[in-house]
Each structure stands twice: as structure tokens, then as C-alpha cells.
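Counting in full-length UniProt numbering, the sequence shown runs from 1 upward without gaps.
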Amino acid sequence: MLSQSFNAGWNIKVGFNQPFSNLFSTELDLGTPVTLPHDAMILEQKTPDTKNGKQTGYYPGKSYLYTKMFFVPNDWMDKNIVLEFEGVYPSALVYINGDFAGSHHSGYSQFTIQADGFLIPGHENKIEVAADNSSEGNTRWYSGSGIYRNVNIYVSEKLYIPVNGLQIDIPEIDQDTAVLCIKTKFSNETLRTHDLIQITEILDAEGTIVNSEETAVTAYPHKNIQTLQRIPVWEPHLWDCDSPYLYTCRTRLKEGDTILDEAVSTLGIRKLQLDSRHGLRINGKEMKLRGACIHHDNGIIGAVTLEKAEERRCRQMKEAGFNCLRSSHHAMSKAMLKACDKLGMLVMDELSDMWHIRKNPHDFGNYFEDFWEDEVERMVAKDYNHPSVIMYCTGNEIPEVGTKRGAEMNRRIVEKIKSLDSARYTTNAANSFLALRSDMQPLLEEAVKATGMEHILEQTSGAGEGGISVMNAFASLMEGPAKDYIDASSTLTDLLEGFSGGLDIAGFNYITGRHELEAQLHPNRLVLGTETYPSEIVRLWDIVERNSHVIGDFTWTGYDYLGEAGIGIFYYNGINGFQDHNYPDSIAYIGDIDITGYRRPISYLREIVFGLRTAPYLAVERVNHYGKTPGKTTWMHKDNIASWTWDGYEGKPAVVDIFSSSEEVELFLNDISLGRKPAGKAAGFIASYEITYEPGTLMAVSYQNGMESGRDILQTAKTPVKISLSSDQPVLTANGNDLAYVTIGLQDENGIFNLQSETVIHISVDGAGTLQGFGSADPHTSNHYYTTAWNTYDGRLLAAIRSGFDPGEIKITVSADGLDKETLVITVE
């Protein structure tokens, strides 16, 4: 079946007791229609009283009813009509014309509703979707609320190809030929037998048919049918990260001259291989996974899942050097999968954050036993034809990981995945702290003593008689020799054996000390760092490069996100961002890229460590915090920024880092050399200078074999005289779902951006579009992303502009006290 968008013309009400409109409170009615996808949570007022607390960034969860009235034409009388919801959080109850039509219990997977039995042709029909997120304490991150992904409608004959009914396998690939095995499912719900011809065509990226096949099929009444067609593609263009070439498969069911139904899917031809000698190979080429963990939200627009938002995020991460994304800790959206296929980004898709042991009172652990097989089926069906997806993760930091029952459950999930998709690999994101559980405290004490870190015992001895606080000690020892001692212990080895043995790849969260050990214990085992600390990238990537069985590393995290507020914020007031609450902070502040799309210095260090950047990079520790010790978690690297504008700090000390892969670097301040220092791998890719702040020009020069290999320059900005506006999309499509991101900055008279200046910017959007979101990356703000006035943070703001359904122009106007208004026009067509 071919889908049509069903996103337009919905209304939303807040605060219900029963899923019928006449029982809803009207005082909180939002009043105006909304176009899906829509996130109700991002529109709520943050409050310190929410039970969600820092987990959702202090955004509360409530109950919402989405209602849509639409006319059903008479010629739909005998049609097959299916509604597909790509994501409703936290769950959905669907009613059509007041009758219960179906439900779904997972907020991160797609589901369908068979609608034709409830609709009345020739009349207005009402669809209601109740999303009850009022049971707070159901997530460890910002979830969003409501229908935050697309809704699609499928209208077909009663003989039809169901949603995800077209699956493509490519079992044979070489330079000359790729054989596509096209599996097509279809159903005959009519009362008679149909003699059909199935016509399947393979089209190249230009739309030219490169091969086709016709198959005669008899469809008997009330039967489900599956056909198999083998279609070769001669001299195929192979899909990989550098050349993400996509073909299209189109299959049609024809009876006489009538096309009864058709299905279309893109595909990429690529070959996967995995072994401990060569690691991961794609099309015969060895590849290390330069991975990033991500959450599902899109920053200033909340959980709203628009294709352009996902594509922008994917593109920015690829430009930053990543080649693989891990969907943490839930199934990835269809929109992000489409972006990854298009841009050449590999994907690890993840089933769930919990199994039978809950992490929150109202999370999916309450439903896992009843629905885990359905969730596996939904994930695999969604991913099947996407070349970007190379592996599935059975779960994240599952508490059952160190138990025999947990190992059995893992094998069951893997078996289920393999029964549906044998061509992709499986892993699990295991955490040593959860695996050890009751063994953790004695092992921690043993590790502290064995590595000469007894002072940790003294620091935490107040936690109990002669004992230590496991959480405090563990936080202090997340990196270093004591943690490696724990990782490599025989105790942890015994606990992980049955679990890791049931997977294609052993996946470890923060268990770096096992990566090389596994090769000694199990020479054929593959290892993947499924989640690791950004601050450890130099050490981690060295391990990846030196060991063929270690296929990659996934940092936490590639892109900043809402919720888990504060785990990466540098607090200078005694707060520990991992353990403490600090309202109204709403973002994690932990991504290589912040929520406005700005690449933090750690991103450039990572790019250099990956071997993808030869030019040096200048990063300055925030001069206003010199000499202060922040409450630092192990996810944090340095509180630095690429700026040499620190008005009011003249003559004060400053710490400047040069990131470089070259052997040596030299720092210049206003053309005066401040000396050369070693850099490159031997120096951890960082050379640090403590100097005195003086306005002007700061320059880093790198040298390899005595010759200059690159340079980077920072210049002091003067007082801003101009607001800068730039859009990533000059033209939008009038479909209600297109998106442009407008970056706003402050420039001085020489065009240099001033990252220190804090100015309140006002924005207005008029014409053929709306303001979807507006804000900064400020981790401490009490502002909301739907307001039209924001203070700049690090000199930047970001606005998301959404197209309407009518062609025309969108006029974006920004203003600030003392500065001229600036206008940007985006065309909608």
C-alpha cells in the first residue's frame, strides 16, 4: 500500500479523565488546530514539583486527547483503510466515531489501526487518540508527549500489500552482480479468487528501470500470500558511508488492466562481514565504527520528529566525523533511518532500556513480558530494507545482565531477531555496575587497595561503619586503574560469560578494561564500546585501532539532548550534575554538538583523534572560571570554547589548548611566539598553554617533520553592531512539515562573531510558515523554546521555521535593543 500523510487538521485538549470529548476539560483547550508531528510536553511549564524531575528536564507529563474530523468519501465503502502511527508517547488509545479501535503500549514503535470497520462513508468521521503521560516517572530522559511522529493513512482495495509487506534480501553480491530476493506479502480479503500478475521493477537513483520481473500468482479468498522473486542487478552501485547509492524497488499487483495495489521501497546494495581477524567489513573494506549515541529529541523543538530535523542532525554528526549512530535506548524513527540511508550513516537500532526490572515506577518494564516479541517484530519490520541498519541492540544497561535468567532472556531476544532478520548482527549494551550489583562494594574496595588509591576509602569512610559509599566511590573511579581492575576481574568475567556468548558482538558500556582482555579469553569474540566517556576518546580510539576484534566506539553522546539535566554541566557552586538536582536546568549539556548545532571543542578533538582533521584547533578554557574547580562528572572533558573575546579579563590568566595530530605546535599571541610544544598522539593530541589574556589575535600553528601542516586563528571581537541571520534552507515545501533552521549571531564591525555578548533577541515570523522552536544552548535557563525572546548564549540562538500548506513567503524578523532589525525571507512553494 502507498501511504498518504494524515498529519493535518488535528486538535488537542489537555487534562482528561475518559477518552471521549464531552468529558474533557475545556479550560486548557489549546483552541487551534495543530499539524502533526506534535510534542505537547515541550509546551508545558517546567516545574520543580514534577515527579519526573531532572530526568525530563523538569517538564511534567499530562494527559492529552488528539482529535481529527475528516470526511470519508462514498467510494471508500469497500476499501481497506489503515492508519499508521509512527510514534505516540507514552502509549495510545485510539477511538473512531466513539468506538475503541485499538491501543499501543510503547511510545517508541510504530503501530497500525485497521480503520475501515469503524468509518462511515459519506459522512464526517471523528478519530480520537488519547495519550496519557500523567503517570510521571516513566522515563530517564525527555520523552515528549503525544503524537510526536507522523501519522499516515493507507487506502487500498481488499486485495492489498500490507504495511511493511515488501522485504528485500540481497544474499549474493560481487562486483558484477547483486541478486535481490524480493519477498512480498499480500492479503486477499475478498470473496473470490484473483489471478494476478506481480510486476516488480528495480530503478536506479535516476529513476531508470535496470531490471524487472513478472510473476503469475493466484490469490484465493481470505488467504495471506507471500511471493519470492529473484532479480539480478548487473554492475551494481554499492551503498557505503562514502557513496550512499540508493535503488528503488516497486512492485504492483495487476489483474487484467487494473492495478490493485503497489508498494515501493528504497534499498541499498551492500555486503556485511564480521570476524575477529578483520573486524567489521562493508563491501570487503574493513571499517571501524566512529559511533555516537543519540536520544530521539530535536532540542529546541522537543520530540517533534520532522524529516528535515532528523536529516540536519544526521548531517551535522557525519560532518563531525561520526559514521554510525546508536538509537539510545529505543527504536529509531523512520525519519532518521531515511536520513541515514540518504547520507551514508550506519545505524545500531536498540530495542529497549529495560526488560523485566524497571528503572522507573511506570516505565515499559511493566509491559515488557507481554509485548517484547511484538516490539522486536516492529523494530525489524521497520528496519528491514534500510541499508544503514547493520545491527540490533537487545537492550541498554539491563539489570538482569549478570544473571542466568538474564542470559536466557538475551538468547530469546536474539533468537527472535535472527528468525526475522538473519543478515544483521546483534549486541547488547552491558554495564559492569549493574552486572556486579551486590558484588560491587567488596570488589571496589579490593580494586582501590590493589591500585594504591586508599585515599578514596578515607574520603568516603563517613558513609557507614568502616565501609564506603559505593556511588561516591564509583563516581570517583569511573576512569583510571581501579575501574580497569574491576572491568578485568574474574568476578565480572563470570557474570558476563553467558550473556556475551549469546551475541554476535559483545557490547560494553564503560567497561573499557575488558576490550583487550576479551581477545585473550575468547579469540573469536568481537567487542564494541556501545557507550563510553567523551573524556576517554584518546585512550579508547587507540584501543580500537590496535585491536582488530574491537570494531568501534560509541561516545555518550554525539548530539546534546533534553532531560538527564546537568550530567555534563560544569557547576561551580558545589553541585554534582550526575547526582544532584538543579532546577530549572533542562538539558544534559553533554553532546559533542549542542542543541543549536554548535560543535563544541571536544568534537574537533575527536575528529583529530579519528584521523579526519589535519588542521589544529584552538580551545580556550572559560577565562571567567579560571582557577575554579567545577563539580565534574566523568562524561565531561573541559569547560572550553573557541573564543578569544573576554572583555574585562585583560591581564588575567587564561588556559589555551591546541588540539593537533601533528608532532609539534606553536602558539602566537599578537604575532609573538609563546613557544612550541609537542602534540600528536604521543602527547594525547593536546598541547596546553597558560598565558595572560590580551585582546587581539591568537594563532596556533602545527608542524609535521619540521614543516607547517596547518593553522587556526581566533580574533577578539569588538562590541556587536549587527545581528547575523542565516538559514540552512532558502526554499521550503508547502506540505506543513518542511523545516528551516535559522542561526542567529552577533557580529562586530569587522564581521567577527562576539561569543561573550549577552543580548536579548526578539523574533517574529509572518507569512507562509510558523515558529516551531526558538532558543539557545544555555543549560541554566528558565526560558521556554516556544517564547519569542531569548538571551544569546555563547553568542548564538537558533530558530526552527516550519512551513505551512500554502505557497508564499516566510518573513523572519529579529531585533535587539541598540541594534538594527534584520529580516530574512524564506520561500515556500
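Cβ coordinates follow ideal geometry from the N, Cα and C atoms, glycine included.
On the DSSP bridge list, what partners appear for residue i?
{"i": "S673", "result": "F668"}
{"i": "M707", "result": "Q704"}
{"i": "K483", "result": "DSSP lists no partner for K483."}
{"i": "Y59", "result": "None; Y59 has no bridge partner."}
{"i": "T770", "result": "R802"}
{"i": "I202", "result": "N211 and C249"}
{"i": "S726", "result": "T743"}
{"i": "S3", "result": "Y154"}
{"i": "T532", "result": "T555"}
{"i": "E758", "result": "Paired residue(s): none; E758 is not in a bridge."}
{"i": "K51", "result": "DSSP output for K51 lists no bridge partner at all."}
{"i": "H123", "result": "V72"}
{"i": "P171", "result": "None; P171 has no bridge partner."}
{"i": "A178", "result": "I173 and V233"}
{"i": "S134", "result": "None; S134 has no bridge partner."}
{"i": "D194", "result": "Here residue 194 is His; the residue named in the question, Asp, does not match the sequence. Answer is A219, bridged to H194."}
{"i": "I147", "result": "Partner(s): none; I147 has no beta bridge."}
{"i": "E255", "result": "T258"}
{"i": "Y689", "result": "V656"}
{"i": "W790", "result": "I761"}
{"i": "N97", "result": "Its beta-bridge partners do not exist; DSSP assigns none."}
Using beta-carbon positions only, say whether residue i and residue j come within less than 8 Å of one another.
{"i": "D39", "j": "A216", "result": "no"}
{"i": "D189", "j": "T200", "result": "With the sequence shown as reference, residue 189 is identified as Glu, and Asp is not the correct amino acid for it. For E189 and T200, no; Cβs fall outside 8 Å."}
{"i": "L540", "j": "S276", "result": "no"}
{"i": "I398", "j": "L443", "result": "no"}
{"i": "W355", "j": "E400", "result": "yes"}
{"i": "T426", "j": "D504", "result": "yes"}
{"i": "L667", "j": "G675", "result": "yes"}
{"i": "M391", "j": "R424", "result": "yes"}
{"i": "S702", "j": "S662", "result": "yes"}
{"i": "T692", "j": "G648", "result": "no"}
{"i": "I147", "j": "L119", "result": "no"}
{"i": "G87", "j": "Y108", "result": "yes"}
{"i": "L191", "j": "P171", "result": "no"}
{"i": "M453", "j": "A482", "result": "yes"}
{"i": "residue 892", "j": "W644", "result": "Nothing in the structure corresponds to residue 892, since the chain is present only between 1 and 829."}
{"i": "V760", "j": "A789", "result": "yes"}
{"i": "D261", "j": "M1", "result": "yes"}
{"i": "L618", "j": "A700", "result": "yes"}
Kindly give me the distance between the Cβ atoms of residue i and residue j, rounded to whole angstroms, as I take these residues to be in contact under 8 Å.
{"i": "S327", "j": "I294", "result": "7 Å"}
{"i": "D341", "j": "H386", "result": "6 Å"}
{"i": "K54", "j": "E369", "result": "So it is not a contact: roughly 29 Å between Cβ atoms."}
{"i": "V731", "j": "A799", "result": "Actually they are not in contact, since the Cβ atoms of V731 and A799 sit about 17 Å apart, beyond 8 Å."}
{"i": "G268", "j": "W239", "result": "3 Å"}
{"i": "S103", "j": "L93", "result": "5 Å"}
{"i": "S803", "j": "T697", "result": "Contact flag wrong, Cβ pair sits at about 42 Å."}
{"i": "G502", "j": "L528", "result": "Not quite, the Cβ-Cβ distance comes to about 15 Å (not below 8 Å), so this is no contact."}
{"i": "G137", "j": "N323", "result": "Actually they are not in contact, since the Cβ atoms of G137 and N323 sit about 36 Å apart, beyond 8 Å."}
{"i": "T557", "j": "G591", "result": "5 Å"}
{"i": "R57", "j": "K68", "result": "Note on residue identity: the sequence assigns Gly, not Arg, to residue 57. In fact, because the Cβ distance is near 29 Å, the residues do not count as touching under 8 Å."}
{"i": "V828", "j": "G808", "result": "5 Å"}
{"i": "Y89", "j": "E128", "result": "No, Y89 and E128 are not in contact; Cβ-Cβ is about 17 Å, not under 8 Å."}
{"i": "N7", "j": "V151", "result": "6 Å"}
{"i": "F685", "j": "V538", "result": "6 Å"}
{"i": "L274", "j": "I161", "result": "Not really, about 33 Å apart at Cβ, beyond 8 Å."}
Uninterrupted beta strand (DSSP E) stretches inside the UniProt domain "Glycoside hydrolase family 2 catalytic" (280-430) (no shorter than 3 residues): 285-287, 289-294, 324-327, 346-350 and 389-396
Segment contact flag, the segment 439-459 with the segment 408-424, C-beta cutoff 8 Å, min 3 pairs: no
The segment 548-566 touching the segment 517-535, judged by at least three CB pairs closer than 8 Å: yes
Ranges of the alpha helix (DSSP H) found wholly within the segment 565-647, counting only runs of at least 4: 601-609
Three CB pairs or more closer than 8 Å across the segment 557-574 and the segment 254-273: no
Cβ pair count under 8 Å reaching 3, the segment 44-53 against the segment 155-174: no
Contact the segment 777-797 vs the segment 578-597: 3+ CB pairs below 8 Å: yes
Cβ contact check for the segment 618-630 and the segment 761-771: 3 or more pairs under 8 Å: no
Inter-stretch contact at 8 Å, needing at least 3 Cβ pairs: the segment 306-313 / the segment 743-752: Not touching, per the Cβ criterion.
Any 3 or more C-beta pairs closer than 8 Å across the segment 279-299 and the segment 404-411: no
Segment contact, 8 Å Cβ cut-off, at least three pairs: the segment 629-645 with the segment 595-615: yes
Three CB pairs or more closer than 8 Å across the segment 179-187 and the segment 69-78: no
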